[in-house]
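The sequence shown begins at 1 in UniProt numbering and counts up by one. Ideal placement from N, C-alpha and C gives every residue a C-beta, glycine not left out. Data first, discussion second: the structure below is written as structure tokens.
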Amino acid sequence: MPLETFPLPAGYNAAEQVHITQGDHDGRGMIISWVTPLNEDGSNVVTYIGSPIVMYETKYFYELGTGRSTRQFNFMTAPKVGPDVPYTFGVIGDLGQTFASNQTLYNYMSNSKGQAVLFAGDLSYADDHPNHDQRKWDSYGRFVEPSAAYQPWIWAAGNHEIDYAESIPHKVHLHFGTQSNELQLTSSYSPLTQLMDERKKVNRSETPWLIVLVHAPWYNSNNYHYMEGESMRVTFEPWFVENKVDIVFAGHVHAYERSERISNIQYNITDGMSTPVKDQNAPVYITIGDGGNIEGIANNFIDPQPSYSAFREASFGHAILEIKNRTHAHYTWHRNKEDEFIPEAVIADSIWLKNRYYLREEETS
1 MPLETFPLPA GYNAAEQVHI TQGDHDGRGM IISWVTPLNE DGSNVVTYIG SPIVMYETKY
61 FYELGTGRST RQFNFMTAPK VGPDVPYTFG VIGDLGQTFA SNQTLYNYMS NSKGQAVLFA
121 GDLSYADDHP NHDQRKWDSY GRFVEPSAAY QPWIWAAGNH EIDYAESIPH KVHLHFGTQS
181 NELQLTSSYS PLTQLMDERK KVNRSETPWL IVLVHAPWYN SNNYHYMEGE SMRVTFEPWF
241 VENKVDIVFA GHVHAYERSE RISNIQYNIT DGMSTPVKDQ NAPVYITIGD GGNIEGIANN
301 FIDPQPSYSA FREASFGHAI LEIKNRTHAH YTWHRNKEDE FIPEAVIADS IWLKNRYYLR
361 EEETS
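As structure tokens, then:
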């Protein structure tokens with residue numbers, strides 16, 4: 001979409017590109033980020049409206065800026081942590097900012113169930129434009145603000161976030177605000193060794209579902225980016241199986257695919273043991289790089305469909321993951337309807353998932 005699709009917000013030096021993410025483990029902290037054209041007094045002010053005591057599952061309003069440049073938003077705090085607490089995630093990857101991207105985002109926003117977004121990398125695709133047009137980062141921030149300013153987006157980094165430009169034609173000023181007594185941050189650029197350290201902090205009797213975001217998929221039956229994640233898979237897959245990871249979301253391939261629960265941890269070329277097999281201790285691998293980016297759809301699947309691939313389709317869309325309790329979650333993939341905006345995308349794939357820690361049983365679509 002052209003830059004003029006996303007104009008500056010009204011008001012002098014008004015906050016823009018507002019986005020929030022979860023600020024602490026307990027669910028009562030929120031990190032708020034925004035930019036302003038000028039770094040003037042008051043531009044870095046965030047004011048919370050209502051009780052100073054942060055409650056669970058409560059809507060809070062916040063105001064950015066002062067005087068002529070204030071803008072108001074709101075968010076809902078998470079429920080209190082517990083093994084049977086329901087929570088619903090939207091899942092998006094490789095979004096970009098095309099008309100297809102717009103359809104994906106607003107199809108997701110039209111679903112009132114979503115409480116937070118898991119994002120599998122590749123955001124603005126600024127590097128796909130002449131001279132790595134850095135204005136595309138600004139337009140992307142304005143594009144996702146109608147969702148990202150109101151519910152947490154949890155990001156993984158993709159290859160298109162490795163960006164470089166010899167000259168940046170403008171600059172903005174970045175501001176942060178937090179509503180939290182305790183704040184812990186883990187970088188999206190962190191290696192998986194840090195993820196392994198983070199795993200030690202997870203108490204699955206308290207938070208049973210273990211979900212991982214990567215960018216390059218480990219199991220992919222599309223000729224695009226085929227086996228690009230293989231070295232990482234060979235290194236870390238045994239750890240995923242040992243720790244009974246429930247779901248791995250990836251992007252990178254611009255299509256949709258869901259795997260069976262499979263592993264290839266007996267990888268041994270000498271003995272011919274190099275084929276994925278069903279494994280009820282293994283994750284389901286889901287490629288969700290179908291957000292709508294400028295590079296188009298990846299419509300070149302390997303034929304015939306491998307046995308490890310449960311469902312695949314070369315279409316744009318998004319997913320919804322509804323955690324129901326410690327044992328069950330309902331997952332749906334929502335296909336965009338081509339050439340037409342509809343209030344809700346078509347559910348093209350769905351499955352009841354069973355938690356690997358509490359209910360290690362086979363699932364059916």
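As assigned by DSSP and simplified to three states, the class of residue i
{"i": "L64", "result": "strand"}
{"i": "N159", "result": "helix"}
{"i": "F240", "result": "helix"}
{"i": "D128", "result": "helix"}
{"i": "D138", "result": "helix"}
{"i": "E145", "result": "helix"}
{"i": "E260", "result": "strand"}
{"i": "A314", "result": "coil"}
{"i": "Y331", "result": "strand"}
{"i": "R71", "result": "strand"}
{"i": "L195", "result": "helix"}
{"i": "Q103", "result": "helix"}
{"i": "L123", "result": "coil"}
{"i": "S307", "result": "coil"}
{"i": "S221", "result": "coil"}
{"i": "Y108", "result": "helix"}
{"i": "T287", "result": "strand"}
{"i": "L3", "result": "helix"}
Chain E within 9 angstroms of residue i, Cβ atoms only
{"i": "N336", "result": "Note that chain E does not occur in the displayed structure, where there is just one protein chain."}
Beta bridge counterpart(s) of residue i as assigned by DSSP
{"i": "Q22", "result": "M30"}
{"i": "V46", "result": "L64"}
{"i": "T77", "result": "For T77, which the question treats as bridged, DSSP gives no partner whatsoever."}
{"i": "L213", "result": "F249"}
{"i": "Y226", "result": "Bridge partners of Y226: none, in fact."}
{"i": "E322", "result": "T88 and H330"}
{"i": "residue 366", "result": "In this structure the chain extends from 1 to 365, so residue 366 is not present and cannot be described."}
{"i": "D279", "result": "According to DSSP, which records beta bridges pairwise, D279 is partnered with nothing at all."}
{"i": "I347", "result": "H334"}
{"i": "K59", "result": "M76"}
{"i": "I154", "result": "L118"}
{"i": "L353", "result": "A329"}
Reference residue i; option with closest CA among the options
{"i": "T207", "options": "F119, P86 and H160", "result": "P86"}
{"i": "residue 366", "options": "G27, S51, D24 and Y12", "result": "Here the chain has residues from 1 to 365 only, and residue 366 is not among them."}
{"i": "F75", "options": "S43, N107 and H19", "result": "H19"}
{"i": "Q266", "options": "P276, W352, T98 and A10", "result": "P276"}
{"i": "S365", "options": "A329, P152 and Y226", "result": "A329"}
{"i": "S139", "options": "K59, R258, M1 and T327", "result": "M1"}
{"i": "S110", "options": "I351, R326, A348 and H318", "result": "H318"}
{"i": "Q22", "options": "Y56, E16 and F6", "result": "Y56"}
{"i": "K337", "options": "P152, G291, S112 and N300", "result": "G291"}
{"i": "E295", "options": "H129, N243, L213 and S263", "result": "H129"}
{"i": "R28", "options": "R71, S263 and T77", "result": "T77"}
Rounded separation between residue i and residue j - CA only
{"i": "S221", "j": "Q305", "result": "7 angstroms"}
{"i": "N44", "j": "L64", "result": "7 angstroms"}
{"i": "S259", "j": "K80", "result": "32 angstroms"}
{"i": "I247", "j": "R204", "result": "14 angstroms"}
{"i": "V245", "j": "E4", "result": "43 angstroms"}
{"i": "P9", "j": "S69", "result": "9 angstroms"}
{"i": "L210", "j": "P37", "result": "40 angstroms"}
{"i": "K278", "j": "E361", "result": "12 angstroms"}
{"i": "R261", "j": "D41", "result": "54 angstroms"}
{"i": "M30", "j": "G114", "result": "17 angstroms"}
{"i": "R312", "j": "A14", "result": "43 angstroms"}
{"i": "N223", "j": "V253", "result": "9 angstroms"}
{"i": "Y24", "j": "M232", "result": "Correcting the residue identity first, residue 24 is Asp in this sequence and not Tyr. Approximately 29 angstroms between the Cα atoms of the pair."}
{"i": "D127", "j": "W137", "result": "10 angstroms"}
{"i": "L359", "j": "K201", "result": "22 angstroms"}
{"i": "K324", "j": "D84", "result": "7 angstroms"}
{"i": "A310", "j": "T104", "result": "23 angstroms"}
{"i": "E228", "j": "T332", "result": "26 angstroms"}
{"i": "I347", "j": "H334", "result": "4 angstroms"}
{"i": "P238", "j": "G158", "result": "23 angstroms"}
{"i": "S33", "j": "Q17", "result": "8 angstroms"}
{"i": "S147", "j": "S112", "result": "12 angstroms"}
{"i": "Y256", "j": "Y62", "result": "36 angstroms"}
{"i": "H225", "j": "A156", "result": "18 angstroms"}
{"i": "R199", "j": "V212", "result": "11 angstroms"}
The ligand SAM heavy atom lying under 8 angstroms from the CB of residue i
{"i": "N159", "result": "The ligand SAM is not part of this structure, which contains no ligands at all."}
Cβ pair count under 8 angstroms reaching 3, the segment 279–296 against the segment 199–219: With the rule of 3 Cβ pairs closer than 8 angstroms, the segment 279–296 counts as touching the segment 199–219.
Quick test of the definition: if touching needs 3 or more C-beta pairs under 8 angstroms, does the segment 115–123 touch the segment 91–98? yes
With contact counted as at least three CB pairs below 8 angstroms, one residue from each stretch, are the segment 351–365 and the segment 121–135 in contact? no
Report yes or no: do three or more beta-carbon pairs, one from the segment 47–56 and one from the segment 96–104, lie closer than 8 angstroms? no
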